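Enquirer: Sharing a structure below in structure tokens format, with a few things to ask.
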Amino acid sequence: MHTDSSAQTVAQALARTVASFPQRPAYIDQGQSYGWQQMDVMAEAWARRLSAMGLSRGDRIGVILPNGLPWILSYLAAAKMGAVIVGLSVRYRDTELDFMLADSQVKAVLAPREFAGFDYEDYLGRACLRLSTLKHLIWVGEQFVPDLQSVASADEVASTDWVPQPEDLLLIIYTSGTTGRPKAAGLSHRSQLGSAQAQCAHVRATAEDLVQLAMPLNHVGGITCGVLTMLLAGGCCELVPMFSPEAVLKMAQRHPPTWMVGVPTMLTLLLMHPLLEQTDLSRLRLIVVGGSNVEPALLSRVQQLFAGVTIMNLYGLSETSGAIVMTPWQASQQALLHSIGKPLAGAELRVVRADGQDAAQDEVGELWFRGAGVIPGYVGLQQDSSAFDAQGWMHSGDLGFVDGEGLVHLMGRQKDMFIQGGFNVYPSEVEGVIASYPGVLMVAGIGVPDPVLGEVGRYFVVPRPGAQINETALQEHCRQRLADYKVPRQIVLRGDLPLTPAGKIQKALLRQEGA
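With positions in the sequence shown counted from 1, the corresponding number in the numbering used here is that position plus 58.
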């Protein structure tokens, strides 16, 4: 098992993996396999090209791409240069991108000219006129990887003197904060490696491992729990551009995995697909499920279908750089079905009551974490220190308790954020878009259970007197302004909303109505 934990930067970790496994497959992208040494040389070539554009240590580079080799090469190039990748989803739209590009002060953006009907060439061209920091637009097409391969084969890549430091930022990931505005979680080389090294050791990853990676790379579930964890082990990731159960299972037929990893929604859809019965999963040793609470019924079904395969829950946040709690090996049925596991090596946990005192065993409180991959705070223009304290504790906003066996039980979130299909959705952001629709007087959103997506948004809308609101048109209004996973699945029109004496909407009563 190759789990060298002495690397202080991702560039060092890559160099050590290349030295250990130069010819072993590192990534499979669109059916083509790339070895570790080949990846290293191409990443070096790409780093030098970015440097020639005037990009250097500390500069922010936005990446708006689906999972694929260009994403990985840009991440590795930034790791070598000391630059910072700003992970941006191809599902984001104008309003979201406007905020994130300005907040992160990106200097360059990599994007396709067009993707899924969105014209990035037009949007980013206009963004350059608005944002003084944005200097370079880099269009990524089919020739991106062949171009870098031609540079590598021509031996045009000279040695460099870049020396990134462990505390240097490497990655910025946007996550919902307590106010609902996206916050820029700043992941350093040290924090990301702290989480990945702990996970790599815990899951006993090796160079023989292979996983079809559909978790988006602009989330820690993809880039830390998937890419970096496997890099440390020398294992192979087959990159899934956009998740579909058919695509993943066809890949698994060609390249049998040793891991399956995803959010509960992905697992549910895979189990429902007829191709599952035609797929040889005899090499499978581990199934990791993370991103939201997992229904015990789903885990029980997985156990029945994959007898002898170890199943683990994974809990992590952007603010922890990746995994920080996982199911132990040889966990009991009760532990698997009803807890999220135990903190990983190097992580500390406190369960804190509302009065600031530590909760007793089995007493519910807010989960606070320190160590491992916990970041020191948010970065960007919209900084918010309320989630972090002077002792280094990150206040997760999640409620839970620890039982007598040291297992962590997740009870839900303090705030209103819900997780739909593995993606965090904060209702206040969506409410703002709904409120901008003509004829809307009031709106309140909550998360409600869904058998496939885990949770979906239900939005209660009060029309203005005399206004006629078309629910389909209202959803389309949101679709044009928000990522698709934030678009309301349920809209309930009603005459009023329950209010407190101070005029605030009582969402607790709305939840009780739907219980």
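We put the beta carbon where it would ideally sit given N, CA and C, even for glycine.
Given the structure is predicted, the values throughout are model-derived calculations rather than measurements.
Mind checking whether A265 and R74 have CB atoms under 9 Å apart?
Expert: No, the pair does not count as a contact, with Cβ atoms beyond the cut-off.
Enquirer: Please determine, among A137, Q478, L275 and I122, the residue with the shortest C-alpha to C-alpha distance to A101.
Expert: The shortest Cα separation from A101 among A137, Q478, L275 and I122 belongs to A137.
Enquirer: Whole beta strand (DSSP E) runs in the stretch 409 to 439 with 3 or more residues, listed along the chain?
Expert: Counting only runs of 3 or more, we get 423 to 429.
Enquirer: Taking the alpha-carbon of F364 as reference, which of S376, T378, N371 and R341 has the nearest alpha-carbon?
Expert: Among S376, T378, N371 and R341, the Cα nearest to that of F364 is on R341.
Enquirer: Is L271 near V285, with beta carbons less than 9 Å apart?
Expert: It is a contact, given that the beta carbons lie within the stated cut-off.
Enquirer: Near L325, what residues of its chain come up, given a Cβ to Cβ distance below 7 Å and the 5 sequence neighbours on each side ignored?
Expert: V347, L356 and V360, listed in sequence order.
Enquirer: Around the C-beta of R552, are 16 or more other C-beta atoms found within 10 angstroms, so that it is buried, or is it exposed?
Expert: Exposed is the call here.
Enquirer: Near I230, which residues of its chain fall below 8 Å by C-beta distance, leaving aside the five closest residues on each side in sequence?
Expert: Once the five neighbours on either side are set aside, the close Cβ partners of I230 are R118, V142, I143, V144, G145, S162, A242, A243, G244, L245, V437 and G438.
Enquirer: Check the C-beta distance from C283 over to G380 and give it rounded, since I have them as a contact under 8 Å.
Expert: Confirmed, Cβ separation roughly 5 Å.
Enquirer: Could you give the DSSP three-state label for T237: helix, strand or coil?
Expert: Low confidence applies to T237: its pLDDT is 44, below 50, so where it sits in the model is not reliable, and the reading given next is rough at best. Of the three classes helix, strand and coil, the one that applies to T237 here is coil, per DSSP.
Enquirer: Answer with buried or exposed for M330, where buried requires no fewer than 16 other C-beta atoms within 10 angstroms of its C-beta.
Expert: Classification for M330: exposed.
Enquirer: Give the straight-line distance between the Cα atoms of L8 and F476, rounded to the nearest whole angstrom.
Expert: The structure shown does not extend to residue 8, since the chain is modelled only from 59 to 573, so the question has no answer here.
Enquirer: Which of helix, strand or coil does DSSP assign to Q388?
Expert: Of the three classes helix, strand and coil, the one that applies to Q388 here is coil, per DSSP.
Enquirer: Just list the residues that DSSP pairs H453 with in beta bridges.
Expert: Paired residue(s): W426.
Enquirer: Bridge partners of Y178, per DSSP?
Expert: Y178 pairs with nothing; no bridge assigned.
Enquirer: In terms of residue numbering, what span does the alpha helix (DSSP H) encompassing Q257 cover?
Expert: H247 to V261 is the span of the alpha helix (DSSP H), which, as asked, contains Q257.
Enquirer: Taking only the alpha-carbon atoms, compute the straight-line gap between G479 and D447 and give it to the nearest angstrom.
Expert: Near 31 Å, if we compare the C-alpha coordinates of D447 and G479.
Enquirer: Count the C-beta pairs between the stretch 517 to 527 and the stretch 491 to 501 that are closer than 8 Å, then say yes if the count reaches three, no if not.
Expert: Taking 8 Å as the limit for Cβ pairs, the verdict is that the stretch 491 to 501 does touch the stretch 517 to 527.
Enquirer: What is the rounded straight-line gap between the Cα of Q207 and the Cα of V121?
Expert: Distance between the alpha carbons of Q207 and V121 is about 20 Å.
Enquirer: Below 9 Å between beta carbons: does that hold for M158 and P240?
Expert: Cβ atoms of M158 and P240: closer than 9 Å.
Enquirer: Along the chain, where does the beta strand (DSSP E) containing G512 start, and where does it finish?
Expert: Start and end: G512 to P521.
Enquirer: Would you mind giving the Cβ-Cβ distance between V306 and L339, rounded to the nearest angstrom? I have them listed as a contact below 8 Å.
Expert: Wrong, their Cβ atoms sit about 12 Å apart, outside the cutoff.
Enquirer: What's the call for R539, buried or exposed, on a 16-neighbour Cβ count within 10 Å?
Expert: Buried.
Enquirer: Whose C-beta lies closer than 6 Å to the C-beta of R428 among residues of the same chain, with five residues either side of it excluded?
Expert: E406, G450 and W451, listed in sequence order.
Enquirer: Can you give me the C-alpha to C-alpha distance between D152 and Q570, rounded to a whole angstrom?
Expert: Distance between the alpha carbons of D152 and Q570: 35 Å.
Enquirer: Reducing DSSP to helix, strand and coil, say where H194 ends up.
Expert: Strand at H194.
Enquirer: Assuming D156 is part of the alpha helix (DSSP H), what are its boundary residues?
Expert: Element bounds for D156: D152 to S162.
Enquirer: Within this structure, are the beta carbons of L9 and A393 separated by less than 9 Å?
Expert: Any property of residue 9 remains undetermined from this structure, which presents the chain solely from 59 to 573.
Enquirer: In whole angstroms, what separates the C-alpha of T316 from that of R343?
Expert: Rounded to whole angstroms, T316 to R343 spans 5 Å at the Cα level.
Enquirer: Please go through the same chain and pick out, in chain order, the residues whose beta-carbon is closer than 6 Å to the beta-carbon of I398, but skip the five residues on each side of it.
Expert: The residues are N371, Y373, V383, V466 and L468.
Enquirer: What residue range does the alpha helix (DSSP H) around L127 cover?
Expert: Run containing L127: L127 to M139, per the alpha helix (DSSP H) assignment.
Enquirer: Checking the sheet assignment: what are the DSSP bridge partners for Y232?
Expert: Answer is A242.
Enquirer: Does DSSP classify D117 as helix, strand or coil?
Expert: Of the three classes helix, strand and coil, the one that applies to D117 here is coil, per DSSP.
Enquirer: Go ahead and label W387 buried or exposed: buried means 16 or more other beta carbons lie within 10 angstroms of its beta carbon, across all protein chains shown.
Expert: With fewer than 16 other Cβ atoms within 10 Å, it is exposed.
Enquirer: State buried or exposed for D98, treating a residue as buried only when at least 16 other CB atoms are found within 10 Å of its CB.
Expert: Buried.
Enquirer: From the DSSP output, in three-state form, read off I492 for me.
Expert: Three-state result, I492: helix.
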